[in-house]
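Note that the protein sequences, when read in sequence, are chains A and B.
Following the working numbering, the numbering of the first sequence begins with 1 at its first residue and continues without gaps.
Following the working numbering, the numbering of the second sequence begins with 10001 at its first residue and continues without gaps.
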Amino acid sequence: MFWEFFLFELKFRLKGISTYAYFLFFFGMAFLSVAAEDFGPVGNGKVLLNGPWAISTVYIQLCLFGIIIVAAIFGTSILRDFQRDTYQLLFTKPISKFDYLGGRWAGSFVAITLAFSGMIFGTMAGSSVPWADHTRLTSGHIWWYVQPFLYFVVPQIFFLGSLFFCVAALTRKIVVVYLQGVAIFMVYVIGITVFSATRSLERFWSGIFDPAGLLLQDGVTRYWTVVEKNTLLMHWTGVFLYNRLFWTGLGLIALIVCFALFPMSVEALTAVSSKRRAAKAKHLEQEDPRPKRSLVAAKLPTVHQIFGPATTWRQLISLTRLRLSNILREIPFWALVCLLIAFAVNNGYFAGRIAGRDVWPVTYLMVQAVEGSATLFFYIVATLYAAELVWRERDTHFDGIHDALPMRETTDWLSKFIALAIAELILLAITMVCGIFMQTLAGYYHFEIGQYLKELFVVTYPQVLVFILFAFFIQTVVSNKFVGHGIVIGLFVSLPILFRYGFENTLYLPGQTPTYTYSDMNGYGHFVAALTWAIVYWFGVMAILAVFSIALSRRGSEDSWSARRKVAGQRLPRLVPALVFFLVVAIASGSWYYFNSHVRNEFLSAKQRRAIQADYERNYKKYELLPQPKIVAVDSKIDIFPERRSFEGTGTFVLQNKSDKPIDQIHITDSLQSVESVSFDRGFHKVSSGPRDIYTIYALDKPLQPGETARMTFKVGYESHGFRDGNERPELAYNGTFFDSGYFPYIGYDRNAELDDPRRRAEEKLPALEELAERGDPYWERVNLFTPQSDWITYHTVVSTSGDQTAIAPGYLKKAWTENGRHFYEYDMGPTHLADFFSYLSGRYQVKEEKYKNINLQIFYTPGHEYNLDDMLQATKSGLDYYDKSFSPYQFDQFRIIEFPRYRQFAQSFPNTVPYSEGMGFIARMKKQDDIDFTYFVTAHELGHQWWGHQLIGGQVRGSNMMSETLAEYSALKVMEKKYGADNIHKYLKHELDAYLRGRAGEIRKEPPLVLVQREPYVWYQKGGLVMYTLADYIGEDKVNAALKKFLDEYRYANATDSQTVAYPDTRQFVAALREQTPPDMQYLITDMFESIVLYDNKALTATVTETPDHKYKVELAVQARKAKADENGNETPMSLNDYIDIGVFSGAKDHEKPLSLKKEKLTQEHQTFEIIVDQKPTRAGIDPYNKLIDRTADDNLIDITSK
Amino acid sequence: MSLKISGLSKTYPNGVKALKNISLTIGNNMFGLLGPNGAGKSTLMRTIATLQDPDEGEIWLDDLNVLKQKNSVREVLGYLPQEFGVYPKMNAVDMLHHLAVMKGITNAGERKEMVDALLNQTNLWDSRKKALSTYSGGMKQRFGIAQALLANPKLIIVDEPTAGLDPAERNRFLNLLSSIGRNVIVILSTHIVEDVRELCPRMAIISNGQLLLEGSPAESLDSLKNKIWSKVVSTDAELTAIDAAFHVVSTHLVGGLHEVRVYSDSNPGDGFTQEDSNLEDVYFLSLSNQAKN
């Protein structure tokens, strides 16, 4: 019998179209993941698209969606007999439970495995298409396609299937079958989001308990380099093995439970409740009172019928109430509400965390958090209940009565719309309450109810309504509710995909609205107009569909299209006014939107913008090495008009020919289209100008002789017109303008404007991005790293803004005055040299100031953001003390921090001026004493740049970037260490280590050693900070600082003179300075950490303790240490060991260790044992316990000590 | 009032001809519509109840064009479909109040009076607060009757109203209907001949979309007077023989034996006894005549 059930099930599945549809789905998705590199999860870079890691990734992600399919197939296989009532026939036959359940289960298992095998064939087929990117494909590795399927997918099907089978068999409810897949999928996805929000580095237990494998794979492969990703498969060890064992075991348990509890009878396990229901029904039946009235029919009372507008209104109310109570009395609705609350509360809990750091859960963050998850539920409810409402009368068979009621179709339709609209209002209100509740719980009491109301009810709600209108229309048109669901969800899912493929126009992506960002400084600011008109437009469009929905709505018993069209024809005349109205609304708002986004402003898709960049490179790169004069002085007059989001101004550059040849052409790059006119203090004419004036060549009548200077005057400005379809310039805001010298003309060809993403370059048919020159390159060593068009400048500006704002630019304030109701400020830097890098800011600021050692410290902030002003000042003062003492004197007598809107999230160091995003330090919050004070760190880092970046600048060659970022990072670490202690820094560095290792794993070009870094932030920030800190730990902070001081003394303001006689420094001199201070037996550290990529694999193996007779503790610790050198792709070659590594013994629990003994030991062999005697009872011991060295398995360095 | 149906035809997309050129005039009082399953009764009723459009033909309710002025018809209509369901978790009172509002009874007092009266009449008073979805078949049917009688309808269309009612409730309903039906048009479709005989001064028989007979039950019976004969036969062979020789109207089982009724102008002899004609004979005879044509 088993075989019969098995074969029946298999045949049933193989006859059904759905099995093939699933197969095709997996085939197609897998195929595209390989054949179209843009499509799949593997992404950019050098990872093989059909390599083992890529295939596993594709399989795992497809399996995630497969959850729903597994639920559908396994669930229905057991439910079919109950749905079709064939169980009465079956269960009266002599069949065993094993045959029945086993056959059904095994048949489903085989069928679904066949369906999932589409992945294998899809990836294989994708690998062999001619148009795929063959540099990223390999062949001849059949096992790579099969192994992940056998190791991952099949166990996945087994345990998910068994689980779903068990639940379905025991509940016997179709709702449960369909819901369990979706529910697990959603819970999983949201769980992952929440887990990532905690920014936990934990990947052991989370990897084991991860049912769908995203975290599991991340845990196992997160630090795999390209080479490893292209050669290694996950195999039966460690976390992967435990995970598979755990979940397979759970699957087995589910099967056993199912077998043990499944009743071979009509009664479901939930029979108790159904018995109760039956009893109740019986009770009702009996209660059904017998007639006790006279047999003569009494006369019915006479009533009056009134029809007219008032009655229509009352009909609408009555219908709406009925429909609303239908929704509100449904358990699924409240189940969704409970889920919404659960997720809102959960996300709300993490609203006060950004990138693992605590911030105050200000209202915009809280709304964003609670609304983020809730929005999904708004749309789920809209999708589900739009269908329920449209189909309600038909589903309940009440249509016969309902449709014959004297009401207009419009009344009926409106009642559905209003009922759903009210249900959504309830959801929105609940979301708001969750937000306020979570703010209270987090101890934040500045509730901005207005902001909640605006975001939820003014911005989001209309978009939900637009979606509802759309869903109503689809459900009206289709002949089946589930087809309707498919179309509605399909649209929802396809919008982001379409957007990604370059269909970016709000006007044709149904329901699309331009992105916007709320800012405390600027409110909804300039986004209001675009957002409003987009919503009005889509509301208009969808309302037109709604009118057609009314005309086409089903009434009566005829469903055929011809009949409905005929009826629609009869109904339409009355609907014409509404149709015309909404048509006018849609056309008017759409035209206005088009006029603003396409006529007043140029509309460019991301691809078109890249094409402009590519053309620039193609056309003008030939001029890159053409000698051009350098800017030596800047004087400008800038008028900012924040209320118009515009500015205009004039500027003068003093240009000097620092080359040894005469210069007869001046080339100007204007990538932001902000330069209006250029003139020179001598005869000149325009030679040529590229499209959009992006590159203009001027010829000077009299060439500029070597050493000679010329004055170039120009007009700059930017005028905002109306609104754009997204891509608004973030630099210009009603409150919080912040733009920089990028809006000024750039002399010569600007290589920073080149596309750098390899894939995008390939798309534009550009060759690989030109690498930075080798150190010592005779041309580039004399070019300033940051500002190639200049070396150093003197600077003067007059900047004005509206009367209610303050304008700030680098320089000392010489004069401030008011003229025509506008504020004017004159800033002058005097003779102090600056990098040619300056900014203009304007906003309604409050100022906190302090004078510290004759230096004016100022913070320009938005009222309400006072939380961390003292912290910032404290960091500045400590930094000034430390840097002054350790490196060189501070070159300015002021330091200013200025807040700007969170459209951009960074802090940036301009000369004595640091624009600092409102989304970063201003709302940061220290919850516990030993938390990482990121505001303090960032402030110290930016201050550090006043030395490393504004005193010391390297040449435009490999490695130079580390001399600014790595050294600023190191400086900040030291300043923070002074306040918070070394333990706190170690905690911080663990995250830095993780970020570095992930950074190199995701490298799309190649990883350079630190001193040759080009464009790899993970090297110059995370690795740089870590190794500098470690070096200081090994050779001493004083030695490192002495090296830095000497290096800085020698190269500070290199090329600040008129002639470019010397090269800018590069990392060769920097390394030499470090080596000079490093003892001979530590020199290897510089070689390893700065000049190579070296990875350790340190591990504590065993640790035991015995108490000595004199009541001390002797710890015997066995460790393993390995060291390997990696090349730019991650290929490792083992190195011999001759290294000093920390060996430590600790008391206290895991993660709260206190050192009892910590010594650097010289290790020369892979395995070594140490004996350490400590005074207190130790608990933990290990090698390199603070992860000072780069180690890919950082968490096995310490282990618990066991007693002997 | 009178309802004039003329030349009504309807063919469904699947080719089924549900109505074939039906013309009828129905005045006040009860009108019985008899016919077998699938005869087109429900199509006709739904068409009159504005739920469906015919391909051809017209329906006038006095001077209302039923096919065009649907909402005006719906205002005076009370309709009980053959099968209907209810919204889950709604109780009878709330639902009736809602339907009363929909039917334009805007005066709350009148509405309450009417709803309460109907709940009493249909014997649902005690269950009025219970969810309709928990109602038994009979209770649900009574609720359907109640909602059809809200708002003193001028045109009542009840499709198989007595299905699922126990004998007592059936009587009560028929009484109620006939007490109302004197001044309004009531169209009652049924395949239970008895209902028509008891209630309807006029009736029609339709089958296969055709109108077979229209008239009063009494007239119809008159036409069969002395023409119905019956005989009890014991074997199938005998039955077959009679079927071949005579115009058999119907056969019934009586105590395990077949009682055969035949139509004959004169005594077919051979043990046949003359019977009083009943409406069922009219019905079966109409159907069998149609089958022969």
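For every residue, glycine included, the Cβ atom is placed at its ideal position computed from N, Cα and C.
CA-to-CA, the gap between Val10016(B) and Leu10287(B) works out to about 18 Å. Residue contact check for Leu10132(B) against chain A: no CB pair falls below 7 Å.
Sorting Thr935(A), Leu1012(A), Phe1047(A) and Tyr461(A) by C-alpha distance to the C-alpha of Ala374(A) places Tyr461(A) at the top. Shown here for Pro1017(A): same chain residues with a beta carbon closer than 8 Å to its own, the five before and five after excluded, namely Glu965 and Gly999 in chain order.
When C-beta distances to chain B are compared with 7 Å, the residues of the region 387–406 of chain A below that value are Thr396, His397, Phe398, Gly400, Ile401, Asp403, Ala404, Leu405 and Pro406, in chain order. Pro915(A) is bridged by DSSP to Ile898(A). The region 932–943 of chain A and the region 979–996 of chain A touch, with no fewer than 3 CB-CB distances between them shorter than 8 Å. When Val957(A), Asn735(A), Arg896(A) and Ser689(A) are compared, the shortest CA-CA separation from Thr787(A) is found for Val957(A). Using a Cβ-Cβ cut-off of 8 Å, Arg314(A) is close to Val10101 and Thr10106 of chain B, given in chain order. By the Cβ test, the region 705–712 of chain A is in contact with the region 658–673 of chain A, since at least three Cβ pairs between them sit closer than 8 Å. Taking a C-beta distance under 7 Å as the contact criterion, Gly954(A) and Pro1065(A) qualify as a contact pair. Only those residues of the region 10143–10165 of chain B whose C-beta falls short of 7 Å from the nearest C-beta of chain A are listed: Gln10147, Leu10149, Ala10151 and Asn10152.
Within the region 10038–10067 of chain B, Arg10046, Ala10049, Thr10050, Leu10051, Gln10052 and Asp10053 place their CB atoms closer than 8 Å to a CB of chain A, listed in sequence order. The Cβ neighbour count for Glu1107(A), taken over all protein chains shown within 10 Å, is under 16; the residue is labelled exposed. Not a single C-beta of chain B is nearer than 7 Å to the C-beta of Val478(A). Taken through DSSP and simplified to helix, strand or coil, Ile142(A) comes out as helix. Only exposed fits Asn854(A), as fewer than 16 other CB atoms lie within 10 angstroms of its CB.
By the Cβ neighbour-count rule, His685(A) is exposed, with fewer than 16 other Cβ atoms within 10 Å of its own. By the beta-carbon neighbour count (other beta carbons within 10 angstroms, threshold 16), Ile10180(B) is buried. Within 9 Å of the CB of Ala563(A), the CB atoms of chain B belong to Pro10013, Gln10052 and Asp10053, in sequence order along the chain.
Its chain contains Val654, Ile793 and Thr794 as the residues whose beta carbon lies nearer than 6 Å to that of Ala633(A), once the 5 sequence neighbours on both sides are disregarded; these appear in chain order.
Taking a cut-off of 8 Å on C-beta distances, the region 177–185 of chain A does not touch the region 92–100 of chain A, as fewer than three cross pairs fall below it. The C-alpha of Arg10182(B) lies about 58 Å from the C-alpha of Leu339(A). Bounds of the alpha helix (DSSP H) holding Trp533(A) are Phe527 to Leu552. Listed along chain B is no residue with a C-beta nearer than 9 Å to that of Lys97(A); the closest approach is about 35 Å. DSSP, read as helix, strand or coil, puts His667(A) in strand. Between Gln156(A) and the set Thr311(A), Ile60(A), Gln951(A) and Gly352(A), the nearest pair of CA atoms involves Ile60(A). Per DSSP, the continuous alpha helix (DSSP H) segment holding Pro496(A) begins and ends at Lys481 to Arg500. Residue nearest to Asn10278(B) within the set Arg10261(B), Asp10265(B), Asp10063(B) and Gly10138(B) is Arg10261(B) (criterion: CA-CA distance).
By the Cβ neighbour-count rule, Ser878(A) is buried, with 16 or more other Cβ atoms within 10 Å of its own. The Cβ-Cβ distance between Leu732(A) and Arg645(A) falls below 7 Å.
Taken in chain order, the whole alpha helix (DSSP H) runs of length 4 or more contained in the region 10212–10271 of chain B are 10217–10223 and 10236–10245. The beta carbon of Ser206(A) lies closer than 8 Å to those of Phe195, Ser200, Leu215 and Gly219 in the same chain, with the five residues before and after it left out. Scanning Arg751(A), Thr113(A) and Gly726(A) for the CA closest to the CA of Ser605(A) turns up Gly726(A).
Residue burial is scored here from C-beta neighbours: Trp224(A) has at least 16 other C-beta atoms within 10 angstroms and is therefore classed as buried. Annotation: Ser802(A) to Gln846(A) spans about 15 Å, alpha carbon to alpha carbon.
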